[in-house]
Structures are given as C-alpha cells and as structure tokens.
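Letter by letter, the sequence shown follows residues 1 to 189 of my numbering.
Don't be surprised by glycine CBs; every beta carbon is placed ideally from N, CA and C.
Following: one structure in structure tokens, then a few remarks.
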Amino acid sequence: MELIFLTTNKNKVKEIKDLADAESKNVRIEHLEYDYPELQLEEIEAVAEESAKYVKEKIAIKKAFFIEDSGLFIRALNGFPGPFSAYVFNKIGNAGILKLMADKKGEERKATFKTVVAFCESVKTAPILFVGIAEGKIAEKERGERGFGYDPIFEFEEAGKTFAEMSRAEKSEVSHRGRAFRKLLNYIS
Ligand code: ITT
1 MELIFLTTNK
11 NKVKEIKDLA
21 DAESKNVRIE
31 HLEYDYPELQ
41 LEEIEAVAEE
51 SAKYVKEKIA
61 IKKAFFIEDS
71 GLFIRALNGF
81 PGPFSAYVFN
91 KIGNAGILKL
101 MADKKGEERK
111 ATFKTVVAFC
121 ESVKTAPILF
131 VGIAEGKIAE
141 KERGERGFGY
151 DPIFEFEEAG
161 KTFAEMSRAE
171 KSEVSHRGRA
181 FRKLLNYIS
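Structure follows, in structure tokens:
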C-alpha cells in the first residue's frame, strides 16, 4: 500500500519513512511537499483534522494520504507553545524557550510532545486521528546534535537523554511521532 505524506518538514519525512520500513513490508511512503496554512486552533487534534479537510478540498489526491501536526506542551507555561509550536520555534527558537524556563525547577520543567496524525483513506472519507505522546522535561541547556526542532531541549524522561542525543531509530521507538504513526500502521494492517 502506498501512503502519501503531505508536509513541508523533511525531518518528519525521514522519520516516517524509516519507521514504515522498519515496521511494515507492505507500506510505502510517498512524500508530497505541500504547504497548507498553519491553523491557529487551541487543540492540535483540531488542527490536524481541519488541515486534512483543507487539503482534500484544495488538491486532487488519488491515494490514501495523511498529514500530521505536532506540538510541545510545557507544564510551567500552561501548555505553551502547544499548537503554536512552529510559530514560536521560528520566532524565538530553543534559546528563547530556555530563557522563558530559566527560573523553573523540577516538576515545572515537565513537558509533553504530542503528534496527531490525520489519515484519509481517500478524498471521500473523513479524517481518522491517531495520537502519540512522549513525556519528558525541558533540559537546562541544549544537548545533542541529532534530530531537529525542539529535540535538543526535550529530555525523554526514561532515557535521561534529549531526543537530539538519540539516533533516529532510538527516538522513533519512544517518540510522539513513532507512537502515533505505529497506531496508523496497526489500523491499516
Ligand atoms: P508541516 O506542518 O508542514 O508538517 P511543520 O514543521 O510546520 O511542518 P508542525 O507544525 O507539526 O510541523 O511542527 C511544530 C513545530 O514543532 C516545528 O517547529 C517543528 O520543527 C517542531 N517539531 C515537530 N516535531 C518535532 C520533533 O519530533 N522533535 C522536535 N521538534 C519537532
């Protein structure tokens, strides 16, 4: 089965393609570079669902497809940047987040990474959502050279490593995206 993944983020594509190869012999991912507007809704579930609906209306897609929206939710900041993660990353980056967190200690540094995959079997069917979550904390400083985006400041609780200190396979094993995408693969199979 061929699945089209619409995203502008090449790092997401690498992770998803590797995951598909590792988990399933029957699913092939085809990347379609398509820049749909970043909706500023309060829940990323709604962002993913509405984005999938938007895409269906805008372009003719002949195969099953999915998009995904991800966000970093920081406890001490009441869930910020959450659905605004892309905007905030572009504006203030990891250095800006670390500054906002400078006086936060212990439990206050807890954070959740969340991915919502919105899958449409065809342009005629409603999106089905698959959610994946990873729990961790905001590191005191950036650590690691791998990954992308917020990876250097997101320390995965159980490993004591930031996602940027993990290989792609190690990250995908436990990440928000890995968990959401494996749910989609299970659903398909
Ligand atoms: P598309 O919407 O085109 O898929 P995007 O990069 O805008 O690409 P998101 O809105 O889902 O994707 O991402 C929100 C932000 O969170 C963005 O700055 C990403 O770089 C970052 N991000 C997403 N997944 C991440 C991950 O696994 N590790 C670190 N940062 C991530």
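Quick one: residues with CB closer than 5 Å to any heavy atom of the ligand ITT, in chain order, please. T7, T8, N9, D69, S70, S85, A86, F89, G149, Y150, D151
Please return the same chain residues whose Cβ sits closer than 6 Å to the Cβ of D151, not counting the five positions on each side in sequence. F163, A164
Near H176, what residues of its chain come up, given a Cβ to Cβ distance below 6 Å and the 5 sequence neighbours on each side ignored? F113, K114, T115, G132, I133, A134
Report, in whole angstroms, the separation of the C-beta atoms of R109 and I138, which I expect to be a contact under 8 Å. 5 Å
Who pairs with P81 in a beta bridge, going by DSSP? F73
Burial state of K171 (16 or more Cβ within 10 Å): buried
Which residues in the same chain as G71 place their Cβ atom closer than 6 Å to its Cβ, once the five residues preceding and following it in sequence are excluded? I44, G82, P83, S85, K114
Check E68 in the structure and name its three-state DSSP category. strand
For K114, three-class secondary structure by DSSP: strand
What residues are listed by DSSP as bridge partners for E135? T112
Cβ-based burial, K12 [other Cβ within 10 Å; buried from 16]: buried
Mapping DSSP to helix, strand and coil, what is E43? coil
Please list the terminal residues of the continuous beta strand (DSSP E) segment that includes E2. 2 to 6
N94, buried or exposed, once every other Cβ within 10 Å from all chains shown has been counted against 16: buried
Backbone CA spacing between E145 and K62 [nearest angstrom]: 38 Å
Going by alpha carbons, who is nearest to A200 out of A159, R28, E38, Y36? This structure gives no information on residue 200, because the portion of the chain shown stretches from 1 to 189.
Counting only the same chain and skipping the five closest in sequence on each side, list residues whose C-beta sits under 6 Å from that of E121. A64
For F89, the three-state DSSP class (helix, strand or coil): helix
So the candidates are V47, F66, N26; which of them puts its Cα closest to the Cα of L6? F66
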